[in-house]
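All remarks here apply to the structure that follows.
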Amino acid sequence: MASKQFKFLVFFLLFTWSISADAQTYTISKDVNIFGDTITTYRDNYSTNSFKVANSKDIFGNRVTKVTDSNGNEIKTVKSSTDIFGNETRTITQNGQAGYTSGAQTMSVKNTTDVFGNVNKTITDGTGQINSIKTSKDIFGNETRVLSDGFGQNKFTMKESKDILGNSTKIISDQNGVQIITIKTSTDILGNDRATITTDLDQQTANSIIMLFSGH
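In structure tokens, the structure reads:
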């Protein structure tokens, strides 16, 4: 569930994150509507911003993730289809218009698994730009994701660990091993998730890095 929360969080940050050196805290709550769609609502620590992420499937079984603002206006939609080999094609629209911040309208995602069980995800956008994400786990179940460019050069690493209460900590480091973003997720007694993000990076840079790890 933590990986899904991280993916939802990416959308939220893209449109609402006011970056500073101080930690930003968001409350995440989930509901299921009468159609079986999962609705995730994000609120900042002042409850001044509220955004929703709806996850559903169309009549063809394709996954659809739609982000709307507090007034119900569409911000971003990602439609994902998967072929018989498990590879994905993602179509992205923003404000109802086909497109993406990099100029790509579609992204292809190819998934492979090596003999050690490590998962490698190769992402190619509509401009031909390639990124690769290799995911592995240690003997304690802690996950490490290494993001490389099309030339095989490591760009960023994200390490996730969990404490005995199930709280998650994700630390993103650059190619020199310097920690640049920390994301901590916990659950309160009401079942709501709280995500605290700490970074010294500016908004655009931080969002771009987080989005790379999500594959969006």
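Numbering (mature numbering (1 follows the signal peptide of the UniProt record, and there is no 0)), first residue to last: -23 to -1, 1 to 193. Think of the CB as a built atom: it goes at the ideal place given N, C-alpha and C, for glycine as much as any other residue. Treat the numbers as computed from the prediction; the structure is a model and nothing was measured.
Whole-angstrom distance between residue j and residue i, CA atom to CA atom
| i | j | result |
| --- | --- | --- |
| D177 | Q156 | 10 Å |
| R67 | T42 | 11 Å |
| N144 | E120 | 14 Å |
| I174 | N97 | 26 Å |
| D165 | T101 | 38 Å |
| I186 | D8 | 29 Å |
| K136 | T162 | 14 Å |
| S6 | G168 | 8 Å |
| R20 | G105 | 36 Å |
| K111 | N95 | 7 Å |
| T78 | D151 | Any answer about T78 is weak, because its pLDDT of 46 lies below 50 and its placement is not dependable; what the coordinates show is given next. Going from the Cα of T78 to the Cα of D151 covers about 22 Å. |
| N48 | G154 | 41 Å |
| N50 | D179 | 26 Å |
| T90 | M84 | 20 Å |
Within 8 Å, strictly: CB atoms of residue i and residue j
| i | j | result |
| --- | --- | --- |
| F28 | D46 | yes |
| S138 | K132 | no |
| T70 | T54 | yes |
| I148 | T159 | yes |
| S57 | N32 | no |
| R122 | T4 | no |
| I107 | G129 | no |
| T99 | S113 | no |
Cβ-based burial, residue i [other Cβ within 10 Å; buried from 16]
| i | result |
| --- | --- |
| V92 | exposed |
| F190 | buried |
| T134 | buried |
| A(-3) | With a pLDDT of only 45 at A(-3), under the threshold of 50, the placement of this residue in the model should not be trusted; the figure read from the coordinates follows. It is exposed - the Cβ of A(-3) has fewer than 16 other Cβ atoms within 10 Å. |
| I61 | exposed |
| T17 | buried |
| I116 | exposed |
| I11 | exposed |
| G52 | Gly is not the amino acid found at residue 52; the sequence shown has Ile there. By the neighbour-count rule (16 or more Cβ atoms within 10 Å), I52 is buried. |
| A183 | buried |
Residue i, enclosing beta strand (DSSP E) - first and last residue
| i | result |
| --- | --- |
| D140 | From DSSP, D140 is part of no beta strand (DSSP E); its letter is neither H nor E. |
| F28 | 27 to 34 |
| S125 | 120 to 126 |
| I166 | Here I166 belongs to no beta strand (DSSP E), and DSSP marks it neither H nor E. |
| N88 | 83 to 90 |
| V96 | 96 to 102 |
| Q106 | It is not in any beta strand (DSSP E) - Q106 carries neither H nor E in the DSSP assignment. |
| Q71 | 65 to 71 |
| I52 | 51 to 59 |
| V41 | 40 to 45 |
Whole-angstrom C-beta distance between residue j and residue i, which should lie under 8 Å
| i | j | result |
| --- | --- | --- |
| G118 | N88 | The Cβ separation is near 20 Å, so there is no contact. |
| V86 | E65 | 4 Å |
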